[in-house]
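What follows is a set of notes on a single structure, which appears directly below.
In this note's numbering, the protein residues as written are 17 to 495.
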């Protein structure tokens with residue numbers, strides 16, 4: 017398997033630090049609002065990378081953080097007259113709902129910046145002790161020029177950055193030793209959340225958060241660090257500087273970055289009126305269509321979002337689902353005589369002709385793996401799925417044995433599953449089953465087992481069942 021490493025600017029053979037295991041850190045969102053479809057791209061892409069690594073047999077320790085202390089969170093809290101914690105808690109919960117709706121699996125660990133402050137203070141102190149950081153009136157800065165390899169990820173030269181204008185520099189130049197030095201710790205302002213530290217009551221800089229959380233949950237050196245290409249500089253560049261100066265070893269072996277998402281060929285922005293949250297998109301489209309759309313291009317290619325392209329993605333996903341549904345129908349409607357005949361033998365034997373059909377189907381699984389082994393090329397992997405769909409539609413009928421149809425059905429569903437695409441129809445709950453679950457939920461609430469009660473409500477919601485708590489009791493309706 018070969019992956020494109022931003023650090024070396026070339027594809028490299030993927031060899032993890034520990035055989036059979038992968039440590040992977042993906043920068044998560046800053047939680048001050050509902051996530052937008054730009055946030056969705058890295059979530060979907062790197063969830064798919066994780067799924068494929070697990071398909072290859074790796075045990076993946078996948079860490080993705082929530083930045084829950086930030087200027088934008090504080091501004092939103094002040095605007096609403098609530099605490100920053102209330103804002104972050106609310107939008108972490110909403111983010112998790114959207115992730116579930118996109119079939120993005122929860123990370124092994126979802127650390128929150130505010131819960132890791134002690135580790136950040138410890139890392140900053142180590143950097144100061146080693147001479148890589150300095151304190152000016154309670155603000156701690158990192159000495160960028162002291163790290164000789166600064167710029168190795170973004171392939172930027174420090175002197176070019178210095179002459180590149182103020183847009184590339186960090187604010188507060190007047191008190192810094194060098195305009196390119198960046199903040200590790202900053203003193204509190206009136207009305208802001210803060211924590212005590214040896215330098216001032218304040219809060220950490222953004223960059224130090226990920227360095228500390230990656231180290232705590234994955235170790236000093238990790239296999240994969242990933243995120244959107246907008247994070248390469250300065251965020252990931254600064255993470256490397258802090259981590260490598262503190263720990264004395266390489267931070268991450270492979271750096272993966274997804275390209276930008278544009279809306280109707282323009283950058284997404286609120287001022288242009290083309291800013292869409294995942295929640296807004298879910299009102300118009302099945303979010304499986306959004307996932308399919310995101311994976312229909314290579315993750316390193318810029319992706320343009322438009323109604324026409326989403327419609328095309330919806331049609332493509334429907335084509336796969338129809339093939340799956342057709343295979344399921346053939347399986348369920350095999351003749352009773354055929355089923356009885358197969359039941360007599362411990363293992364059904366395919367005819368020579370059917371073995372040939374199955375071998376033909378397996379060839380598309382090989383094509384799928386070859387595409388994904390080439391830097392997670394989901395576009396070519398989807399093309400292999402479409403070829404399998406065409407093959408299944410052309411070669412499988414009710415005249416085939418149930419075992420053959422089942423094998424191809426299983427292969428098609430499994431390949432889609434590696435991409436996180438749900439292509440099987442959900443079994444619809446019967447009215448009696450719904451009533452039984454509602455009764456169980458009521459009993460759970462009486463017993464104060466609120467976790468189980470919420471679990472049942474979510475289970476019903478997934479099936480399109482809405483519960484309404486009224487004076488007369490619980491009413492329900494299908495979506």
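For glycine and all other residues, C-beta sits at the position ideal for the given N, C-alpha and C.
Taken in chain order, the whole alpha helix (DSSP H) runs of length 4 or more contained in the stretch 131-214 are 133-145, 174-179. Residue 127 counts as buried, since at least 16 other C-beta atoms from the protein chains shown sit within 10 angstroms of its C-beta.
A distance of 8 Å or more separates the beta carbons of residue 79 and residue 20. Going by DSSP, residue 373 is part of the alpha helix (DSSP H) stretching over 368-389.
For residue 269, the enclosing beta strand (DSSP E) covers residues 268-274. Where residue 41 is concerned, the enclosing beta strand (DSSP E) starts and stops at 37-42. With distances taken between CA atoms, residue 113 lies nearest to 293 out of 293, 485, 396, 380.
Here DSSP, grouped into helix, strand and coil, assigns residue 232 to helix.
When the Cα atoms are used, residue 317 and residue 23 turn out to be separated by approximately 17 Å.
Out of 129, 201, 206, the CA that lies nearest to the CA of residue 153 is found in 201. When Cβ pairs closer than 8 Å are counted between the two stretches, the stretch 33-49 is seen not to touch the stretch 282-289, the count staying below three. Its chain contains 248, 249, 253 as the residues whose beta carbon lies nearer than 6 Å to that of residue 170, once the 5 sequence neighbours on both sides are disregarded; these appear in chain order. Relative to residue 278, the option among 399, 486, 313 whose CA is nearest is 313. In its chain, beyond the 5 residues on either side, 400, 403, 404 have a beta carbon closer than 6 Å to the beta carbon of residue 380. Per DSSP, the beta bridge partners of residue 79 are 41, 125. Annotation for residue 325: the continuous alpha helix (DSSP H) segment containing it runs 323-348. Here residue 228 is actually not in contact with residue 370; their C-beta atoms are around 57 Å apart, not less than 8 Å.
Going by C-alpha positions, residue 328 is about 13 Å away from residue 304. Residue 345 is classed as exposed because its beta carbon has fewer than 16 other beta carbons within 10 Å across all chains shown. Boundaries of the alpha helix (DSSP H) harbouring residue 58: 53-71, taken from the DSSP string. Assignment of residue 468 by DSSP, reduced to helix, strand and coil, places it in the helix class.
Counting every other CB atom within 10 Å of its CB across the protein chains shown gives residue 231 a total of 16 or more, marking it as buried. In the DSSP assignment, residue 32 is bridged to no other residue.
Between the beta-carbon of residue 350 and that of residue 414 there is about 7 Å, and that keeps the pair under the 8 Å contact cut.
Residue 391 places its beta carbon 8 Å or farther from that of residue 26. At the C-beta level, residue 225 and residue 265 stay beyond 8 Å of one another. Note: residue 242 is bridge-paired with 42, 272 in the DSSP secondary-structure output.
Setting aside the 5 residues that flank it on each side, residue 163 is surrounded in the same chain by 257, 261, each with a C-beta closer than 6 Å to its C-beta; the list follows chain order. Listed in chain order, the non-local C-beta contacts of residue 191 below 6 Å within the same chain comprise 152, local neighbours out to five positions each way being set aside. For the pair residue 269 and residue 437, the CB atoms are not nearer than the 8 Å cut-off. Only residues of its own chain outside the window of five on either side were considered, and among them 460 have a CB closer than 7 Å to the CB of residue 468, listed in chain order.
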